[in-house]
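Numbering (the working numbering), first residue to last: 442 to 641. Backbone N, C-alpha and C define an ideal beta-carbon position, used for all residues, glycine too. I have placed the structure first, in the form of structure tokens, so that the comments after it can refer back to it.
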């Protein structure tokens, strides 16, 4: 297995650790900071594996299929945790989840016919928007966590209004990522509509 594919596998392996950190706040101090660090590291491997694969001519069908799948596992784990913790609207996450299931279904149909659908520019824009949104939410919650612990005076955020603003901005960024998800999903569907044969 080449290095890019190892990085993809490593990204998947980070997910359960990220999940434990996100959902065990009482056992792990400053858990949003640790979750942010893990998420950034995992996201960077996504950039790194693609760059190495293209530079060293190590692009494989495994990488084309597993790389976007690893992204989905990481992002959806984070978003489901957000719903559990009240940091994202359920309907927004369901919308993103639906898109991911549809696109994954298209990829599986393509795989059966020997085709591998690589990520397009809309898919990449969707991924970037999700990484930014999730990172921002984690960073904002880390700041609010510091305020709760008394490490940062509440007045530096403008009191309750500042805390509300950070939470609102995070939710808005997640919503924007959902818009990109829907657009990219429609593009994938239109580009690969020929794979869906309703007569079979």
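Can you tell me which of 481, 502, 493 puts its alpha carbon nearest to the alpha carbon of residue 580? On the chain shown, residue 580 is found 139 positions in, with the first residue counted as 1. That would be 481, whose Cα lies nearest to the Cα of residue 580.
Hey, residue 522 and residue 463: beta-carbon distance below 8 Å or not? Position 81 of the chain shown, counted from the first residue, corresponds to residue 522. Position 22 of the chain shown, counted from the first residue, corresponds to residue 463. For residue 522 and residue 463, yes; Cβs fall inside 8 Å.
Pair within 8 Å by beta-carbon distance, residue 530 and residue 612: As a working note, residue 530 is residue 89 in the chain shown. As a working note, residue 612 is residue 171 in the chain shown. The answer is yes: Cβ separation under 8 Å.
Could you tell me the alpha carbon to alpha carbon distance between residue 640 and residue 549, rounded to whole angstroms? Start at 1 with the first residue of the chain shown, and residue 640 comes out as number 199. Start at 1 with the first residue of the chain shown, and residue 549 comes out as number 108. With a pLDDT of 45 at residue 640, under the threshold of 50, the modelled position of that residue is not reliable, and the figure given next carries that caveat. C-alpha of residue 640 to C-alpha of residue 549: approximately 18 Å in a straight line.
At which residues does the alpha helix (DSSP H) containing residue 584 begin and terminate? Numbered from 1 along the chain shown, position 143 holds the residue referred to as residue 584. Residues 562-590.
Identify which residue in 455, 471, 457 has its Cα closest to the Cα of residue 585. Here residue 585 corresponds to residue number 144 of the chain shown, with the count starting at 1. Distance check between residue 585 and each of 455, 471, 457 places 471 closest, using alpha-carbon atoms only.
Beta-carbon proximity check, residue 448 vs residue 501, cutoff 8 Å: Position 7 of the chain shown, counting from 1, holds the residue named residue 448. Position 60 of the chain shown, counting from 1, holds the residue named residue 501. Contact flag unset, no.
Identity of the residue in 534, 478, 505, 527 nearest residue 620 by Cα: Along the chain shown, one-based indexing puts residue 620 at 179. It is 534.
Measure the beta-carbon distance from residue 512 to residue 445 and round it to whole angstroms, keeping in mind my assumption that it falls under 8 Å. Position 71 of the chain shown, counted from the first residue, corresponds to residue 512. Position 4 of the chain shown, counted from the first residue, corresponds to residue 445. Contact doesn't hold; Cβ gap of about 14 Å is too wide.
Could you tell me whether the Cβ atoms of residue 506 and residue 451 are closer together than 8 Å? In the chain shown, the residue the question calls residue 506 occupies position 65. In the chain shown, the residue the question calls residue 451 occupies position 10. No, Cβ-Cβ distance for residue 506 and residue 451 is not below 8 Å.
Contact test: residue 454 Cβ vs the ligand SAM heavy atom, cutoff 7 Å: As far as ligands go, the structure on display features none, and thus does not contain the ligand SAM.
Contacting residues, own chain, Cβ-Cβ under 7 Å from residue 476 (five flanking each side not counted): On the chain shown, residue 476 is found 35 positions in, with the first residue counted as 1. Cβ neighbours of residue 476 beyond the five flanking positions: 459, 462, 463, 579.
Are the beta-carbon atoms belonging to residue 628 and residue 540 less than 8 Å from one another? As a working mapping, residue 628 is identified with position 187 in the chain shown. As a working mapping, residue 540 is identified with position 99 in the chain shown. No. Outside cutoff.
What are the boundary residues of the alpha helix (DSSP H) that residue 487 is part of? The residue you call residue 487 lines up with position 46 of the chain shown. It spans 472-496 - the alpha helix (DSSP H) in which residue 487 sits, taken as one unbroken run.
DSSP three-state assignment for residue 530, whether helix, strand or coil: Taking the first residue of the chain shown as position 1, residue 530 is located at position 89. In this structure, residue 530 counts as coil in the three-state DSSP scheme.
Could you tell me how far apart the beta carbons of residue 643 and residue 617 are, in whole angstroms, since I believe they sit closer than 8 Å? Here the chain has residues from 442 to 641 only, and residue 643 is not among them.
Chain-order list of residues whose beta-carbon lies under 6 Å from that of residue 614 (same chain, five-residue window excluded): Walking along the chain shown from the start, residue 614 turns up at place 173. 574, 577.
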